[in-house]
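Numbering (numbering that gives the first Met the number 0), first residue to last: 0 to 258.
For each residue, glycine too, the CB sits at the ideal point set by N, CA and C.
Worksheet for the structure shown next.
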Amino acid sequence: MQRLIVCGVGVCYISIGPCSLHSARFCFIIFAITLNFYTHSIWLLLISFSYRYYVIVKSEPAIWKTQSLICLLYLPSAFQMINVYTQNVPEDVAKNMILEYFPSYDLSELTVTAVSSVWDFTVLYVTIHIVGVSIPIAVTIVILRHRIITKLNETGHATSQRSKQLQLQLLRALTFQACIPVFYLWGGLCFMIQQWNLLNNALPQYVMFCLFILVPILNPMSSFIFITPYRNFFVSSLRRKLTVTSTKISVVRSSDMAT
Numbered sequence: 000m001q002r003l004i005v006c007g008v009g010v011c012y013i014s015i016g017p018c019s020l021h022s023a024r025f026c027f028i029i030f031a032i033t034l035n036f037y038t039h040s041i042w043l044l045l046i047s048f049s050y051r052y053y054v055i056v057k058s059e060p061a062i063w064k065t066q067s068l069i070c071l072l073y074l075p076s077a078f079q080m081i082n083v084y085t086q087n088v089p090e091d092v093a094k095n096m097i098l099e100y101f102p103s104y105d106l107s108e109l110t111v112t113a114v115s116s117v118w119d120f121t122v123l124y125v126t127i128h129i130v131g132v133s134i135p136i137a138v139t140i141v142i143l144r145h146r147i148i149t150k151l152n153e154t155g156h157a158t159s160q161r162s163k164q165l166q167l168q169l170l171r172a173l174t175f176q177a178c179i180p181v182f183y184l185w186g187g188l189c190f191m192i193q194q195w196n197l198l199n200n201a202l203p204q205y206v207m208f209c210l211f212i213l214v215p216i217l218n219p220m221s222s223f224i225f226i227t228p229y230r231n232f233f234v235s236s237l238r239r240k241l242t243v244t245s246t247k248i249s250v251v252r253s254s255d256m257a258t
């Protein structure tokens, strides 16, 4: 878990979690990797919608083409991760940056990392990558969703009842997933609110990353919620695991009673 604090032109991060038991540098590495996954998840959303539309209007592409596209669109996130990794300042400098603007904060037991300037290329790149890119991707996703729905409605009269049911489930999932990029925009707004000094307290400092983390959680979750085959597989797998666990508990209790 990260808490982002804007300190003038600097950006500081308070790391809360197991990484703080190791070192500030290690926490910053984990942060760079995590941020890279956040940004790539929205590209995966775009790939998902593009793939569904392509399959409807043409045919299923070769696996290697899909894999190549995923790797190609990962390059901006990989470049971001490398740049973020190289921009960390020493922990004592990071703590002084926070104390200069928030002298009442007790940082003695906290793990703090920072980037020295919000105008640094790394911070600008991350901001543009998350907020700037999210807007056109969100618009593209909405357009693709509309076209997918149109195509499904055009072919709806020639499909079986089961196919129509699956299409309805897909439409619900598409509608839900089309709203997911909004969380990135809200997270970016929390950053801007701090940067413009409209509100710079614990609320936007925590909420920003809480919003970001919802994207990689909600995207796969939508498939389990709205697509029946996925949901049935998940429920059956969970039931099998619970059955095995309860069986083991029963065996242990029986052996304890026997002794």
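Handout entry: Close beta carbons around S19, own chain, < 7 Å, minus the five adjacent residues each side
Key = Cβ contact annotation for S19 (same chain, cutoff 7 Å, sequence separation greater than five): C26, T110, in chain order.
Practice task
Give the C-beta separation of P135 and I41 to the nearest angstrom, bearing in mind that I take them to be a contact with Cβ-Cβ under 8 Å.
Solution key: Going by Cβ atoms, the distance from P135 to I41 rounds to 11 Å, so no, they are not a contact pair.
Problem - Straight-line gap, I148 to L170 (C-alpha atoms, nearest Å) - result: The alpha-carbon atoms of I148 and L170 are separated by roughly 7 Å.
Handout entry: Reference F48; option with closest CA among A31, A137, F233
Key = Checked all of A31, A137, F233; the closest Cα to F48 is A137.
Handout entry: Identity of the residue in T33, L43, V56 nearest R146 by Cα
Key = Cα-wise, what sits closest to R146 is V56.
Handout entry: Burial state of I4, where buried means 16 or more other Cβ atoms lie within 10 Å
Key = Per the 10 Å Cβ criterion, buried.
Handout entry: Burial state of H156, where buried means 16 or more other Cβ atoms lie within 10 Å
Key = For H156, the pLDDT reaches just 48, beneath the cut-off of 50, and the residue's location in the model is therefore unreliable, although a value from the coordinates is still provided. In this structure H156 is exposed. Its beta-carbon is surrounded by fewer than 16 other beta-carbon atoms within 10 angstroms.
Problem - Distance CB(P203)-CB(I212) smaller than 7 Å - result: Remark: C-beta atoms of P203 and I212 do not approach each other more closely than 7 Å.
Practice task
Report the partner residues of S236 according to the DSSP bridge assignment.
Solution key: Per DSSP, none; premise fails for S236.
Exercise for the section: State yes or no: is the C-beta of V114 within less than 7 Å of the C-beta of Q86? Expected result: Q86 is positioned such that its CB atom lies closer than 7 Å to that of V114.
Practice task
Return yes when at least one heavy atom of the ligand FAD lies under 6 Å from the C-beta of F30, else no.
Solution key: Because no ligand of any kind appears in the structure shown, any question about the ligand FAD cannot be addressed here.
Problem - Environment of K64 [buried if 16+ CB atoms lie within 10 Å] - result: When all chains shown are included, K64 counts as exposed.
Problem - Counted within 10 angstroms of its Cβ, other Cβ atoms place F120 as buried (16 or more) or exposed - result: Its Cβ having fewer than 16 others within 10 Å, F120 is exposed.
Problem - Assigned exposure category for H128 - 16 Cβ within 10 Å defines buried - result: Looking at its Cβ environment, which holds 16 or more other Cβ atoms inside 10 Å, H128 is buried.
Exercise for the section: Could you tell me how far apart the beta carbons of G187 and V130 are, in whole angstroms, since I believe they sit closer than 8 Å? Expected result: Confirmed, about 3 Å.
Exercise for the section: For my contact list, N35 and A77 are in at a C-beta cut-off of 8 Å; report their separation, rounded to the angstrom. Expected result: In this structure, N35 and A77 form a Cβ contact; the two beta carbons are roughly 7 Å apart against a cut-off of 8 Å.
Exercise for the section: Provide the residue span of the alpha helix (DSSP H) that contains T112, from first to last. Expected result: Looking at the DSSP string, T112 is not in any alpha helix (DSSP H); the run it does join, the beta strand (DSSP E), is 110 to 114.
Problem - Which of helix, strand or coil DSSP assigns to V8 - result: Residue state, collapsed to three classes: coil.
Problem - Any alpha helix (DSSP H) of 4 or more consecutive residues that is wholly inside the region 50 to 125 - result: Taken in chain order, the complete alpha helix (DSSP H) segments of 4 or more residues contained in the region 50 to 125 are 62 to 84, 90 to 100.
Exercise for the section: Pick helix, strand or coil for L45, following the three-state DSSP scheme. Expected result: Of the three classes helix, strand and coil, the one that applies to L45 here is helix, per DSSP.
Handout entry: For Q193: DSSP bridge partner residues
Key = Q193 pairs with nothing; no bridge assigned.
Handout entry: Assigned exposure category for K94 - 16 Cβ within 10 Å defines buried
Key = So K94 counts as buried.
Exercise for the section: Give every residue of the same chain whose Cβ lies closer than 6 Å to the Cβ of L143, excluding the five residues on either side of it in the sequence, and list them in chain order. Expected result: Within the same chain, L143 has close Cβ partners F48, Y52.
Practice task
Take V250 and list the residues in its own chain whose beta-carbon comes closer than 8 Å to its own, dropping the five residues that flank it on each side.
Solution key: Its pLDDT being 48, under 50, V250 is placed unreliably in this model, and the coordinates cannot settle the point.
Exercise for the section: Report the rounded CA-to-CA distance for P102 versus C189, giving the unit in angstroms. Expected result: Here the alpha carbon of P102 sits roughly 22 Å from the alpha carbon of C189.
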